[in-house]
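**Student:**
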Amino acid sequence: MPELPDVEGFRKVLESCAKGRVVRRVDVRDTGVLHGVSARRLRDALEGRRFTGTERHGKWLLARTGGPTLMLHFGMTGRLVCARPDDAVEAHDRVLFTVSGERQLRYRDQRKLQGLWLPDDDFEVARMLDRQGPDAMAVERADFEAALSSRRGSVKTVLTDQTVLAGLGNLLADEVLWRARLRPGSRAGDLTEADRRRLYTQMRRTLRSAVAAGCVPPRDSWLTGHRDDPAPTCPRCGDPLRRTRMAGRSTVWCPRCQPDGS
DNA sequence: CTGGGTGTTATGAG
DNA sequence: GCTCATAACACCCA
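Here our numbering is used: the first residue of the first sequence is 864, the next is one more, and so on.
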């Protein structure tokens, strides 16, 4: 599930559920999601502190506390949920943060591919993010275009490479390329100026609506609405969609709307 | 039982 | 250094 729009949704959950509230209790139900921090230290560091503010970079979510910073990554199946402390705990609720005001923030994750970190200071935070490219929502057009031109790989691989651009995942990349009418396998460095501008514009539009929806919405009018159809057809031209594999990820595109550039 | 899934990292080859 | 493929992580579902 989680790409930039989902994580932005989780940031809002964190804001409305826990910002300004004191952490009363930290309950680690599965230490498998903790990275570089023990359950005891997570508890000792956070209990009694207040969640003061939130930030997001790409698919990373940061919860500031005035002390150490809680950093969350959601892998493929992670979520952040606001519950009441007495709500039934679900099977994949891995860490529960009970905060003042009868609320409970829950890190829920089925597969545990990522999890929680607790860097001590800004230096450590920066070190954790030092390989991330610019955030896809915030990146300027010139920087976006420069990043693409300097790469020789396929444009889809480049778009989903978090060290180049942070935030786009498999679904978003396919969606944006379909909207920009670019074949996923085109070489990023071979795109024309017009191609790059179109790609940037469509990325912004797509992100704007996906963030508003809190996810990449599986709407009929979007490519994403059809990727799991048994015989998917293009919502724009009606031709059959192709499904291929790039960099180990399933890739859906329309041979007619996304013509071969060369 | 098998393969696939909205992610990341390590590793090896070219 | 860059690019690409693969495996691994862990769990559910068809």
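Backbone N, C-alpha and C define an ideal beta-carbon position, used for all residues, glycine too. Here the structure is a predicted model, which means the values were calculated and not measured.
1) Out of curiosity, what's the CA-to-CA distance linking Arg1042 and Ser901?
2) With 16 other CB atoms within 10 Å as the buried threshold, where does Met939 fall?
3) On the CB-based measure, 16 or more other CB atoms within 10 Å of its CB, does Asp1051 come out buried or exposed?
4) For Gly872, which of Gly941, Arg1108, Gly899 and Val896 has the nearest alpha-carbon?
5) How far does the alpha helix (DSSP H) with Leu1011 in it extend, from its first residue to its last?
6) Leaving out five residues on either side along the sequence, give the residues of the same chain with a beta carbon under 8 angstroms from the beta carbon of Glu965.
7) Tell me, which residues are paired with Gln967 by DSSP?
8) From Leu1040 to Pro1047, what does the alpha carbon distance come to, in whole angstroms?
9) Only counting the same chain, and skipping five residues up and downstream in sequence, which positions put a Cβ closer than 6 angstroms to that of Val1115?
10) So Val962 and Ala881 are supposed to be a Cβ contact under 8 angstroms. How far apart are they, rounded?
11) So, are the CB atoms of Met1109 and Lys975 less than 8 angstroms apart?
12) Starting from Trp980, trace the beta strand (DSSP E) both ways and give me its first and last residue.
13) Name the two residues that bound the continuous beta strand (DSSP E) containing Met1109.
14) State the beta-bridge partners of Ser1017 as determined by DSSP.
**Tutor:** Straight from the coordinates:
1) Here residue 1042 refers to the residue found at position 179 when the first sequence is read from its first residue. Here residue 901 refers to the residue found at position 38 when the first sequence is read from its first residue. Rounded to whole angstroms, Arg1042 to Ser901 spans 45 angstroms at the Cα level.
2) Counted from its first residue, the first sequence places residue 939 at position 76. Exposed, because fewer than 16 other Cβ atoms sit within 10 Å of the Cβ of Met939.
3) Translated into positions along the first sequence, residue 1051 becomes position 188. Residue identity differs from the one stated: residue 1051 is Ala in this sequence, not Asp. Label assigned to Ala1051: buried.
4) Counting from one through the first sequence, the residue named residue 872 turns up at place 9. Nearest C-alpha to Gly872: Gly941.
5) The residue given as residue 1011 occupies position 148 in the first sequence. Element bounds for Leu1011: Arg1004 to Ser1012.
6) Here residue 965 corresponds to residue number 102 of the first sequence, with the count starting at 1. Result list for Glu965: Arg947 and Pro948, in chain order.
7) Position 104 of the first sequence, counted from the first residue, corresponds to residue 967. The partner list for Gln967 (beta bridge, DSSP) reads Ala946 and Thr961.
8) Sequence index remark: in the first sequence, residue 1040 carries index 177 (1-based). Sequence index remark: in the first sequence, residue 1047 carries index 184 (1-based). When rounded, the distance between both Cα atoms is 6 angstroms.
9) Taking the first sequence and counting its residues from 1, the one referred to as residue 1115 is at position 252. Closer than 6 angstroms at Cβ, skipping near neighbours: Asp1037, Arg1090, Leu1104 and Arg1106.
10) For the purposes of this step, residue 962 is identified with residue 99 of the first sequence, where counting begins at 1. For the purposes of this step, residue 881 is identified with residue 18 of the first sequence, where counting begins at 1. Confirmed, Cβ separation roughly 5 angstroms.
11) On the first sequence, residue 1109 is found 246 positions in, with the first residue counted as 1. On the first sequence, residue 975 is found 112 positions in, with the first residue counted as 1. No, the pair does not count as a contact, with Cβ atoms beyond the cut-off.
12) The residue you call residue 980 lines up with position 117 of the first sequence. Segment Gly978 to Trp980, the beta strand (DSSP E) holding Trp980.
13) Taking the first sequence and counting its residues from 1, the one referred to as residue 1109 is at position 246. Residues Arg1105 to Met1109.
14) Your numbering for residue 1017 matches position 154 in the first sequence. Within the DSSP secondary-structure output, Ser1017 pairs in a beta bridge with Arg1050.
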